[in-house]
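This report refers to the structure that appears directly beneath it.
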Amino acid sequence: MRFSKFLLPTGLVIAIAISLGLSVVLWTNPANYRSKEDNTQNSQSEILVKPKRTIFAPTQAIVNEKDGAHNILINQSVNMISEINQQMKGYRRARMRTIVSNDQKKYYQTIRRPDSILLNYASPVMISTVNSIVNDRFSRLDDHMVNRIILPLNDDSKIYLLNDSNFTVYQVNVKKHSLNGLNKVLKIKSSKFPVSIKNLNGAPTMYVDQPIKMQPYRYLLDRQSPDYFVGRLLNDSNSTNVSLKRRGSELIYSNQGTKRLVFNTKTRNAIYSDYSVNDVANNLKSMIDDSYRQLLKIGLPMDNLRFYGYNDDNSQVTFRSFVEGFPIFRTDGSGEVSIDTVNTSLQRFKFLLDTPQVPIPSKSGYVALPTTTTVLNRLKNYGYKANKIYKVRLGYRWEQSSKRTTLINLVPDWFVLYGNKWHSYNDMLNK
Amino acid sequence: MNFKRIELIFLVTFIAIDIFLFGMFRQNMNMQAENVSQDNTNSTIIKEMKNDQIKFNKLATGQSAAYYISGTRTGELRSLTGQLTNQTPHFIDNEIQSEFKQPVNVDSDRPSTTINKLITDPSFVVDGEDYRYSKDLSSKQTVVYVQKAINNDIYSNEAQIKFFLNTNNQIVNYTQTHLSDVKILREKAETISEQRALIWLYQYNEIPNNTQILWTKLGYTKLITVAPDIVFIPTWIVAIKPQNSSQVQLKKINAFTGGIIRDSNSELQNGQDNGGIS
Numbered sequence: 130m131r132f133s134k135f136l137l138p139t140g141l142v143i144a145i146a147i148s149l150g151l152s153v154v155l156w157t158n159p160a161n162y163r164s165k166e167d168n169t170q171n172s173q174s175e176i177l178v179k180p181k182r183t184i185f186a187p188t189q190a191i192v193n194e195k196d197g198a199h200n201i202l203i204n205q206s207v208n209m210i211s212e213i214n215q216q217m218k219g220y221r222r223a224r225m226r227t228i229v230s231n232d233q234k235k236y237y238q239t240i241r242r243p244d245s246i247l248l249n250y251a252s253p254v255m256i257s258t259v260n261s262i263v264n265d266r267f268s269r270l271d272d273h274m275v276n277r278i279i280l281p282l283n284d285d286s287k288i289y290l291l292n293d294s295n296f297t298v299y300q301v302n303v304k305k306h307s308l309n310g311l312n313k314v315l316k317i318k319s320s321k322f323p324v325s326i327k328n329l330n331g332a333p334t335m336y337v338d339q340p341i342k343m344q345p346y347r348y349l350l351d352r353q354s355p356d357y358f359v360g361r362l363l364n365d366s367n368s369t370n371v372s373l374k375r376r377g378s379e380l381i382y383s384n385q386g387t388k389r390l391v392f393n394t395k396t397r398n399a400i401y402s403d404y405s406v407n408d409v410a411n412n413l414k415s416m417i418d419d420s421y422r423q424l425l426k427i428g429l430p431m432d433n434l435r436f437y438g439y440n441d442d443n444s445q446v447t448f449r450s451f452v453e454g455f456p457i458f459r460t461d462g463s464g465e466v467s468i469d470t471v472n473t474s475l476q477r478f479k480f481l482l483d484t485p486q487v488p489i490p491s492k493s494g495y496v497a498l499p500t501t502t503t504v505l506n507r508l509k510n511y512g513y514k515a516n517k518i519y520k521v522r523l524g525y526r527w528e529q530s531s532k533r534t535t536l537i538n539l540v541p542d543w544f545v546l547y548g549n550k551w552h553s554y555n556d557m558l559n560k
Numbered sequence: 338m339n340f341k342r343i344e345l346i347f348l349v350t351f352i353a354i355d356i357f358l359f360g361m362f363r364q365n366m367n368m369q370a371e372n373v374s375q376d377n378t379n380s381t382i383i384k385e386m387k388n389d390q391i392k393f394n395k396l397a398t399g400q401s402a403a404y405y406i407s408g409t410r411t412g413e414l415r416s417l418t419g420q421l422t423n424q425t426p427h428f429i430d431n432e433i434q435s436e437f438k439q440p441v442n443v444d445s446d447r448p449s450t451t452i453n454k455l456i457t458d459p460s461f462v463v464d465g466e467d468y469r470y471s472k473d474l475s476s477k478q479t480v481v482y483v484q485k486a487i488n489n490d491i492y493s494n495e496a497q498i499k500f501f502l503n504t505n506n507q508i509v510n511y512t513q514t515h516l517s518d519v520k521i522l523r524e525k526a527e528t529i530s531e532q533r534a535l536i537w538l539y540q541y542n543e544i545p546n547n548t549q550i551l552w553t554k555l556g557y558t559k560l561i562t563v564a565p566d567i568v569f570i571p572t573w574i575v576a577i578k579p580q581n582s583s584q585v586q587l588k589k590i591n592a593f594t595g596g597i598i599r600d601s602n603s604e605l606q607n608g609q610d611n612g613g614i615s
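Right, dumping it as structure tokens:
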């Protein structure tokens, strides 16, 4: 009798507690809201979507040997960077602290740290971008700008993130992890270019110390029709009629409202302008996130595309195609895709209807290229101003005998960021 | 109404609310799981396929990696025909066509066991160690060997040996094509999974209803010829057999881009001229 006296109130209290608990869980769970966005994913299934970690991956891997030498890792049959990134997924309990700030000497010491792998980004990204490579293990770290990552080969509990612009090194302490995987990747037979890491106009630059030989390639272009992009970019639910005007070699599509798509049939360039209101904040993180979204929307083949730069002045994000670890530069120095957020009511995408897709055996022999120092000296002798040379990089020149052919030659060359534009070394000397 | 009764009513009400909330909670969990992976859409399509009476075994969802490769047709075959004995080889259009003077006896049930032993003998066929028996392409009268390449086999008329058998289980003649200098053209890239390949094929309306999927294979097929080289791409080859027909069709899907490769599927069927697949 006494037992049943307590049974009822206790049961009631428990029932109320459970209902409160479940209510809280249900309200705080975002799954409810997410399911509605699901539908937008389906239209993407026609193209193979590459994850953010591939598009926003470092573009160069360098081994800092035990004896202090530095070698760029190049492999024709394996993408070394993605192999290394594969090994970066198991970090646990990441904690970060700043160990060097505004100290150029110590900064260079970290970059040159013997017995480590140095991963270079083509252009700064955020720690939240690196986070996509490390399987979300860095999600709790403060978000800073980063240019480089150092993976020590003799220390299994530290990773370093480096920012060139203020010579800052962030040390990430992680739980001890095995380095066997990384060492195994380094055992894959690869060719190595010796480099030294020196300062060029205030930024660490990889100087190639010996003349090098690079293989030229031939590629077959994958051609998309304008219709494909019209369908993807101009068809939205509000407006159904798309108008087409012809002006010279230009085809101008417009959805009678806020969107316009212009194709140049001669150069096979496309420019898309969206005059609707966007909420992209003017900072690197939102530009990176938004540009990835827009890249998916455009629907170009993504397998070789990599993030190649963000320009603060005009809020422009650029992507380039890569071949065997080196970027492709078109005759005017541009890359494959650029996404400009001009202001909150205008976004402009520039892209190319053709993407290099299928490699064709090339019989031409290796091309010899001079050392970085030779390149810089020769440019100075030709009258170019040393303080306007910001970056010097190896890459491939896009050569097409006529706009009609779908076969292009990719010729190895040096590329120089002179002023605010990329030029091929060959062109600069022939001007 | 006494206090106890009120308590009882409250208890019952709250238990009912709990059950309702728990139900919602469970539903939420499922939704989350579906959101995380694309499994949801895939599994509904797989269900749809089953509803359309398309029969297949469990499909692998793992991705693998492959290359763009190239091979060259050279006169190497011709120069090595001198080693062959007990046969009269002719070299026509990069192909050896050879007839055995004395037909070669093979195992009646599994001809490949006999041929596997013979094939490395340079007086039997040229470069025999480059080939592998293909059960899928072979039939009772034709035993097909495909050329091995990097990680996968080449499924193309440019790289095959076909042994033709008579009714007494003897090889009477064979044809051989060979690619030399097989090399990697571009760094390793991920291929789509078997499941994805089949789903896309289904979505392209390439798999009719009432069809059985006999086998799927990841191999290299010809993309283009840039004389004298031939470029090959990794391809999912899917053999389907409509239930009311004995004809086996081969469907091909580009394992890098997921694009369908049309109209060239006749190329592979030659080996199956003499009926279905054993």
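Sequences listed follow chains A and B, in order. Our numbering applies: residue 130 is where the first sequence begins, and numbers increase by one. Our numbering applies: residue 338 is where the second sequence begins, and numbers increase by one. Cβ atoms here follow ideal geometry from the backbone N, Cα and C, with glycine treated the same way. Remember, it's a predicted structure, so these values are computed and weren't measured experimentally.
Counted within 10 angstroms of its Cβ, other Cβ atoms place residue i as buried (16 or more) or exposed
| i | result |
| --- | --- |
| residue 357 of chain B | exposed |
| residue 183 of chain A | buried |
| residue 448 of chain B | buried |
| residue 146 of chain A | exposed |
| residue 210 of chain A | buried |
| residue 552 of chain A | buried |
| residue 464 of chain A | buried |
| residue 564 of chain B | exposed |
| residue 511 of chain B | buried |
| residue 142 of chain A | exposed |
| residue 180 of chain A | exposed |
| residue 525 of chain B | buried |
| residue 514 of chain A | exposed |
| residue 444 of chain B | exposed |
Spatial distance of residue i from residue j (CA atoms)
| i | j | result |
| --- | --- | --- |
| residue 398 of chain A | residue 392 of chain A | 6 Å |
| residue 244 of chain A | residue 219 of chain A | 20 Å |
| residue 441 of chain B | residue 386 of chain B | 46 Å |
| residue 166 of chain A | residue 365 of chain B | Annotation note: pLDDT 40 at residue 166 of chain A (below 50); position unreliable, no value reported. |
| residue 480 of chain B | residue 474 of chain B | 8 Å |
| residue 656 of chain B | residue 436 of chain B | Residue 656 of chain B lies beyond the range of chain B shown here (338 to 615); nothing can be said about it. |
| residue 533 of chain B | residue 422 of chain B | 47 Å |
| residue 485 of chain A | residue 491 of chain B | 24 Å |
| residue 595 of chain B | residue 589 of chain B | 10 Å |
| residue 197 of chain A | residue 296 of chain A | 21 Å |
| residue 272 of chain A | residue 249 of chain A | 18 Å |
| residue 562 of chain A | residue 267 of chain A | Outside the displayed range of chain A (130 to 560) lies residue 562 of chain A, so it cannot be described from this structure. |
| residue 239 of chain A | residue 192 of chain A | 13 Å |
| residue 140 of chain A | residue 148 of chain A | 12 Å |
| residue 460 of chain A | residue 251 of chain A | 20 Å |
| residue 557 of chain B | residue 586 of chain B | 18 Å |
| residue 482 of chain A | residue 308 of chain A | 43 Å |
| residue 519 of chain B | residue 466 of chain B | 14 Å |
First and last residue of the uninterrupted beta strand (DSSP E) at residue i
| i | result |
| --- | --- |
| residue 379 of chain A | 379-383 |
| residue 436 of chain B | 432-442 |
| residue 545 of chain B | Counting along the chain, residue 545 of chain B falls outside any beta strand (DSSP E), and DSSP gives it neither H nor E. |
| residue 445 of chain A | 445-452 |
| residue 341 of chain A | 341-343 |
Supposed contact pair residue j and residue i - C-beta distance, whole angstroms, cut 8 Å
| i | j | result |
| --- | --- | --- |
| residue 330 of chain A | residue 516 of chain A | 6 Å |
| residue 408 of chain B | residue 583 of chain B | Not really, about 33 Å apart at Cβ, beyond 8 Å. |
| residue 414 of chain B | residue 433 of chain B | 6 Å |
| residue 314 of chain A | residue 213 of chain A | 6 Å |
| residue 344 of chain A | residue 495 of chain A | 6 Å |
| residue 298 of chain A | residue 228 of chain A | 5 Å |
First and last residue of the uninterrupted alpha helix (DSSP H) at residue i
| i | result |
| --- | --- |
| residue 266 of chain A | Careful: residue 266 of chain A lies outside any alpha helix (DSSP H) and carries neither H nor E. |
| residue 534 of chain B | 531-540 |
| residue 310 of chain A | 309-316 |
| residue 426 of chain A | 413-427 |
| residue 489 of chain B | Per DSSP, residue 489 of chain B belongs to no alpha helix (DSSP H) and is neither H nor E. |
| residue 238 of chain A | 233-240 |
**Request:** Inspect the CB distances between the stretch 499-516 of chain A and the stretch 316-323 of chain A and report whether three or more fall short of 8 Å.
**Result:** No: the two stretches stay apart, fewer than three of their Cβ pairs being nearer than 8 Å.
**Request:** Evaluate the contact criterion for the stretch 470-478 of chain A versus the stretch 417-432 of chain A: three or more CB pairs, one atom per stretch, below 8 Å.
**Result:** By the C-beta criterion, the stretch 470-478 of chain A is judged to be in contact with the stretch 417-432 of chain A, since at least 3 inter-stretch pairs fall below 8 Å.
**Message:** Whether or not the stretch 537-550 of chain B and the stretch 385-401 of chain B are in contact is what I'm after, with contact meaning three or more pairs of Cβ atoms, one per stretch, closer than 8 Å; do they touch?
**Reply:** At 8 Å Cβ cutoff, the stretches touch.
**Message:** For the pair the stretch 430-446 of chain A and the stretch 523-540 of chain A, tell me if three or more CB-CB distances fall below 8 Å.
**Reply:** Verdict: no, contact absent.
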